[in-house]
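A quick write-up on the structure given underneath.
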Amino acid sequence: MIFFTKSSKFPPQFLVLILAGFMFFSCEGTESGKNASTERSDSGFAGTEQEGIAGSLSDAGENSAQQSRGLDMANARVANGSFEEEFPLLYGLVKDDPDQLLPELKAYAEKVLSKNISSEAEILALMEQRDSSLITFITPLFENMDPESLDKNWGEFQEELNRLGMTMTAAEGMFTSIGSAPFLEDKIAELGSKEFQAYVKFMNARTESRNGEYPFQNMKPFRDMVLYGEIIMEGNNEAYKKRIDEDFQSALESFTDVHFVSNPGTRQVGVAMVHGTSTDPYPYLAELETAKEFVASDQDSKYKKALARILESPSEITEKPENIYVVVIEWAENKQMAQMRVRSHLGAGEDVPHHLKIRRGDGTDKYAVTYRFYEDEEKANSAFVEAIKEFPDARLIYCSVRNGDLYQLGI
Numbered sequence: 004m005i006f007f008t009k010s011s012k013f014p015p016q017f018l019v020l021i022l023a024g025f026m027f028f029s030c031e032g033t034e035s036g037k038n039a040s041t042e043r044s045d046s047g048f049a050g051t052e053q054e055g056i057a058g059s060l061s062d063a064g065e066n067s068a069q070q071s072r073g074l075d076m077a078n079a080r081v082a083n084g085s086f087e088e089e090f091p092l093l094y095g096l097v098k099d100d101p102d103q104l105l106p107e108l109k110a111y112a113e114k115v116l117s118k119n120i121s122s123e124a125e126i127l128a129l130m131e132q133r134d135s136s137l138i139t140f141i142t143p144l145f146e147n148m149d150p151e152s153l154d155k156n157w158g159e160f161q162e163e164l165n166r167l168g169m170t171m172t173a174a175e176g177m178f179t180s181i182g183s184a185p186f187l188e189d190k191i192a193e194l195g196s197k198e199f200q201a202y203v204k205f206m207n208a209r210t211e212s213r214n215g216e217y218p219f220q221n222m223k224p225f226r227d228m229v230l231y232g233e234i235i236m237e238g239n240n241e242a243y244k245k246r247i248d249e250d251f252q253s254a255l256e257s258f259t260d261v262h263f264v265s266n267p268g269t270r271q272v273g274v275a276m277v278h279g280t281s282t283d284p285y286p287y288l289a290e291l292e293t294a295k296e297f298v299a300s301d302q303d304s305k306y307k308k309a310l311a312r313i314l315e316s317p318s319e320i321t322e323k324p325e326n327i328y329v330v331v332i333e334w335a336e337n338k339q340m341a342q343m344r345v346r347s348h349l350g351a352g353e354d355v356p357h358h359l360k361i362r363r364g365d366g367t368d369k370y371a372v373t374y375r376f377y378e379d380e381e382k383a384n385s386a387f388v389e390a391i392k393e394f395p396d397a398r399l400i401y402c403s404v405r406n407g408d409l410y411q412l413g414i
């Protein structure tokens with residue numbers, strides 16, 4: 004495990020500010036010093052041409068001074084400083100692209116840190132610029148960086164990126180990607196609709212879910228994606244629904260498609276894994292504490308009832324199953340249809356968490372929308388009895404397992 008620490012060095016202008024502040028307080032008193040610190044002019048980065056997305060920034064003057072009142076000290080300094088002074092590491096990365104990436108990143112940073120934003124649409128435009136353009140071009144620069152240099156400056160890079168609503172993800176201490184991070188939170192709370200606020204939080208949780216070599220060992224991001232995704236899916240904004248649909252489906256599966264894998268010949272409960280009949284700990288090993296806390300919480304979610312029942316009696320197999328029993332609720336022609344049927348069942352509070360591809364007795368491949376699966380015949384029969392109480396057309400089938408694929412035995 005690699006630990007990163009922030010550098011203790013401060014830029015020269017920071018020391019000058021401290022000295023100036025001390026002299027000002029000595030001469031004028033505490034209250035006047037406080038007022039002076041918030042009366043700075045918000046004139047933007049020195050030497051930055053204000054065009055494109057930065058074109059809406061106000062000129063220096065009375066309006067700019069008023070806008071700077073809400074800035075914290077760090078951002079107030081940025082308003083009067085230069086991009087290369089305030090973001091020295093990022094500047095070092097992008098300075099070799101002075102015609103496109105550097106000016107775009109400067110303009111974006113100025114807009115974000117000035118907070119001169121008046122609508123949800125403006126915030127969304129910044130998010131799209133960040134996600135579709137800036138991250139796309141910045142990521143390869145990090146990927147091609149000397150690993151030791153990145154390790155040494157990880158904390159400082161992360162701090163600069165965080166100020167601009169971006170963050171690095173990592174696995175085993177190594178860089179993996181750049182994604183979205185919280186930014187403009189006060190503006191989002193002030194200007195954003197319920198669905199937009201949920202969308203922003205969903206996207207940040209999606210980035211967080213990509214951290215770690217074993218991503219399902221931290222289920223909190225997946226829980227958040229389910230909660231915020233549910234708000235969006237229950238709302239009226241079709242654009243946001245379309246944007247998150249695939250990721251929401253994936254998060255819901257990761258959070259609910261749970262089974263246990265144990266060693267053969269033991270009565271001990273095995274370890275939790277997610278997705279189908281997977282038995283390989285990498286990357287499917289999962290923690291269930293987050294799901295248990297979610298079920299016990301006062302969170303308002305239509306998926307809680309189904310998840311509670313899944314956790315009470317999960318599917319179980321051993322590490323190398325030869326044959327398993329599958330309680331099938333219905334059949335679907337393809338994976339997407341099966342996923343949507345599982346999602347519908349879960350949303351109705353019905354604990355039907357699995358979809359399994361099975362080669363049927365007639366030689367065709369179909370997807371089984373599945374209540375439970377077991378190696379143990381007694382457990383399978385008990386689960387089948389429970390299933391037919393709610394789903395009279397449920398069937399119990401027997402499958403062989405070869406290289407992770409399922410083949411129905413009989414018809």
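In our numbering, the protein residues as written are 4 to 414.
Note that CB positions come from ideal geometry on N, CA and C, so glycine has one too.
Boundaries of the beta strand (DSSP E) around N326: N326 to A335. The beta carbon of A390 is closer than 8 Å to those of V330, I332, Y374, R375 and A397 in its chain, skipping five residues each way along the sequence. By the Cβ rule, the segment 249-268 does not count as touching the segment 184-196, because fewer than three pairs are nearer than 8 Å. Between M276 and Y285, the C-beta spacing is not below 7 Å. Taking D354 as reference, the option from R344, E241 and D283 with the minimal CA-CA separation is R344. Residue pairing by DSSP puts F178 in a beta bridge opposite A173.
Nearest to A309 by C-alpha distance, out of L105, A383, L349 and Y401, is L349. Assigned with DSSP and collapsed to three states, K190 falls in helix. Minimum Cα-Cα distance from M169 among the listed residues R133, A192 and E159 corresponds to R133.
Counting of Cβ neighbours within 10 angstroms places Q411 among the buried residues, the total reaching 16 or more.
Minimum Cα-Cα distance from E292 among the listed residues Y306, G273, M340 and L314 corresponds to L314. I235 is positioned such that its CB atom lies closer than 7 Å to that of A201. Judged by DSSP secondary structure, K197 falls within the alpha helix (DSSP H) whose first and last residues are K197 to E211. For R246, no pairing in a beta bridge is given by DSSP. The DSSP-derived three-state label of I126 is helix. Counting only runs of at least 4 residues, the segment 272-319 fully encloses the following alpha helix (DSSP H) elements, listed from N- to C-terminal order: 284-287, 292-299 and 307-315.
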